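Here is the structure we will look at.
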Amino acid sequence: MTEQTALPTAPARSESILRRRFRKFQGLKRGYWAAVTLASVYVVSFCLPVLASNNAIAVRYDGQYYFPGFRVYQAAEFGQVAIGEANYRELQRRFAQEASGDWVLMPLYPYGPNESLLDREGFPPHPPSAEHLLGTDDRGRDVFVRLAYGFNISLTFAVVVTLISFSLGTVVGAALGYLGGKVDLLGQRTIEIWASLPFLYTIIIVSSIVVPVSLPGRNQFLQPAFWLLVTLLSAFGWMGITYYVRGEFYREKARDYVGAAIAMGAAELTIMFRHILPNALTPVVSFAPFAVVANIGSLVALDFLGFGLPAPTPSWGELIGQGMNNLSKWWLVLYPLGAVFVTLLLIVFIGEAVREAFDPKEFSRLR
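Numbering (numbering that gives the first Met the number 0), first residue to last: 0 to 366.
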């Protein structure tokens, strides 16, 4: 019998450090489920125009179909004696009484975030009821809808500011740490001067000079005021992460793999952003959730002080301000503060889990 020689097998491919970190994050149940919960609610919040709105999803009238989500229809187009946009709840009640075959398909919660419900008994704010789950504010607007839209606006605002400021801070920190010398010295002095500017006074001055014009339409993220605040907070929010990235680049550029890349003739930008940057992202990823918390807090504080998003934008800070002025109306105090607390708590849980999963003492790259 002839002996069969076993063919050499290829060595097993090692698991990437990113996959190991993600597996570690999944093992941290509190942070993982907080991320799943927050992400799920955030995705659902983008469906609010078809879940909670006074704008109809579809209308059948005189044999024709209308879709108010894509166009604004005037009341006269549906035979209503009113000036302005059609009132679809009244139209729905009228069609039900007439039994003419016309119909209106409304969202599950048929109240808008900026709609003042002045036809209710008594003066607003109204307490929670079966019709208005969390009551109404001092202008007769549904608190539940304003909290829901405010969650979407606040979290989107915080994420956008964090992405812009961290991207800018990462690029600046990478340049200072890699180039060093006079570039680093000049950059640090410039950052110190910029950081000494009073943030709140700058916001007040800009808000008093620049009066944002509200564009027609329902998309809050296309309004000039939203992007003005994003620009201002991003302009002051990039400096903190710069120092961490700078330190990481100073440490990493002394590694052997950087010397090998230089010896092979790699371009400096390639070395910075292809070789060093992936090894220097640990502080960026670790601090990002806490930056989101800080940016949400900044927006709430600015809205509370009256220097944030203009009325009638759904705002947690504006609702908290109403609660301060109406302490006897407990729903205006409890629900806005509760929404802010729960949201920030979930993000902090995520941040703690991310920081532990990206701990460089547990996972490190081979140099």
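Positions of the beta carbon are idealized from the N, C-alpha and C atoms, including for glycine. This one's a predicted model, so the numbers in the text were calculated from it and none came from an experiment.
*Return the chain-ordered ranges of every alpha helix (DSSP H) run that is complete within the segment 302-339 and spans a minimum of 4 residues.*
Whole alpha helix (DSSP H) segments, 4+ residues: 315-324.
*Excluding the five sequence neighbours on either side, which residues of its own chain have a C-beta within less than 8 Å of the C-beta of residue 175, listed in chain order?*
Answer for residue 175: 182, 183, 186, 187, 241, 245 and 248, listed in chain order.
*With DSSP run on the structure shown, which of helix, strand or coil describes residue 226?*
Helix, per DSSP.
*Quick one: residues in its chain with C-beta nearer than 6 Å to the C-beta of residue 260, no 5 flanking neighbours on either side, listed in chain order?*
Within the same chain, and ignoring the five residues on either side of residue 260 in sequence, the residues whose Cβ sits closer than 6 Å to its Cβ are 270 and 274.
*Taking the alpha-carbon positions, what's the residue 333 to residue 47 distance?*
C-alpha of residue 333 to C-alpha of residue 47: approximately 22 Å in a straight line.
_Tell me which residues share the same chain as residue 353 and place their Cβ nearer than 8 Å to its Cβ, disregarding the 5 neighbours each side in the sequence._
Excluding sequence positions up to five before and after residue 353, its CB lies within less than 8 Å of the CB of 24, 30, 284, 285, 287 and 288, all in the same chain and listed in chain order.
*4 or more residues per run - each alpha helix (DSSP H) lying fully within the segment 220-276*: Under the rule that a run must span 4 or more residues, the alpha helix (DSSP H) segments found entirely inside the segment 220-276 read 223-236, 238-251 and 255-262.
_Burial state of residue 114, where buried means 16 or more other Cβ atoms lie within 10 Å_ = Buried.
*With DSSP as the reference, please indicate the residues paired to residue 104 in a beta bridge.*
DSSP links residue 104 through a beta bridge to 57.
*Alpha carbon to alpha carbon, how far is residue 303 from residue 266?*
Straight-line Cα distance between these residues: approximately 49 Å.
*Can you give the beta carbon distance from residue 152 to residue 313, rounded, assuming they're within the 8 Å contact cut?*
Taking a contact as a CB-CB distance under 8 Å, the pair residue 152 and residue 313 counts as one, their CB atoms being some 6 Å apart.
*Close Cβ partners of residue 290 (< 6 Å) along its chain, the five nearest in sequence each way excluded*: Taken in chain order, the residues that qualify are 161.
_Between 172, 98, 205 and 201, which has its C-alpha nearest residue 189's C-alpha?_
The shortest Cα separation from residue 189 among 172, 98, 205 and 201 belongs to 172.
*On a CA-only basis, which of 147, 202 and 294 is nearest residue 40? Give me that one, please.*
Looking at the Cα atoms, 147 is the closest of the given residues.
*Own chain partners of residue 110 with C-beta closer than 6 Å, once the 5 adjacent residues on each side are dropped*: The answer, listed in chain order, is 53, 141 and 144.
_Among 164, 21 and 278, whose alpha-carbon lies nearest the alpha-carbon of residue 294?_
The alpha carbon of residue 294 has as its nearest neighbour, out of 164, 21 and 278, the alpha carbon of 164.
*Comparing alpha-carbon positions, which option in 34, 137 and 17 lies nearest residue 319?*
Closest by alpha carbon: 137.
*Host alpha helix (DSSP H) of residue 25 (start-end)*: Counting along the chain, the alpha helix (DSSP H) containing residue 25 begins and ends at 16-26.
*Selection from 305, 340 and 86 that minimises the alpha carbon distance to residue 204*: Relative to residue 204, the option among 305, 340 and 86 whose CA is nearest is 305.
*Return the bridge partner residues of residue 135 from the DSSP annotation.*
Beta-bridge pairing links residue 135 to 141.
*Under 9 Å between the Cβ atoms of residue 368 and residue 51?*
The requested residue 368 does not occur in the structure, where the chain is confined to residues 0 to 366.
*Spell out the partners DSSP gives residue 65 in its beta bridges.*
Answer by DSSP bridge pairing, in chain order: 58.
*asked:* Suppose the cutoff is 7 Å on Cβ atoms and the five residues either side in sequence are ignored; what does the same chain contact list for residue 159 look like?
replied: Scanning its chain for C-beta atoms nearer than 7 Å, with the 5 sequence neighbours on each side dropped, one finds around residue 159 the residues 229, in chain order.
*Do residue 157 and residue 292 have their CB atoms nearer than 9 Å?*
Yes; because the gap between Cβ atoms is below 9 Å, this pair is in contact.
*Whose C-beta lies closer than 8 Å to the C-beta of residue 89 among residues of the same chain, with five residues either side of it excluded?*
Answer for residue 89: 79, listed in chain order.
*Give the straight-line distance between the Cα atoms of residue 278 and residue 340, rounded to the nearest whole angstrom.*
The alpha-carbon separation between residue 278 and residue 340 amounts to approximately 34 Å.
*Quick one: give me the first and last residue of the alpha helix (DSSP H) that residue 379 is part of.*
An answer regarding residue 379 cannot be provided, because it is not within the stretch 0 to 366 covered by the chain.
*Name the two residues that bound the continuous alpha helix (DSSP H) containing residue 98.*
Residue 98 -> no alpha helix (DSSP H), and no H or E assigned at all.
*My guess is that residue 308 and residue 321 are in contact by the Cβ rule of under 8 Å, so how many angstroms apart are they, rounded?*
In this structure residue 308 does not touch residue 321 by the C-beta definition: roughly 15 Å separates them, more than the 8 Å allowed.
*Would you give the residue range spanned by the alpha helix (DSSP H) that residue 191 belongs to?*
Run containing residue 191: 180-194, per the alpha helix (DSSP H) assignment.
_Between the CA atoms of residue 316 and residue 377 - distance to the nearest angstrom_ = Any answer about residue 377 is impossible in this case: the structure gives the chain only from 0 up to 366.
*asked:* Since residue 101 and residue 59 should fall inside the 8 Å C-beta cutoff, what is the C-beta to C-beta distance between them, to a whole number of angstroms?
replied: Between residue 101 and residue 59, the beta carbon gap of about 5 Å places them in contact (Cβ cut-off 8 Å).
*Of the residues 194, 223, 268 and 87, the one placed nearest residue 178, counting alpha carbons only*: Relative to the Cα of residue 178, the nearest Cα in the group 194, 223, 268 and 87 belongs to 268.
*Measure the C-alpha to C-alpha separation of residue 225 and residue 149 and round it to an integer number of angstroms.*
Taking the CA atoms as reference points, residue 225 sits about 13 Å from residue 149.
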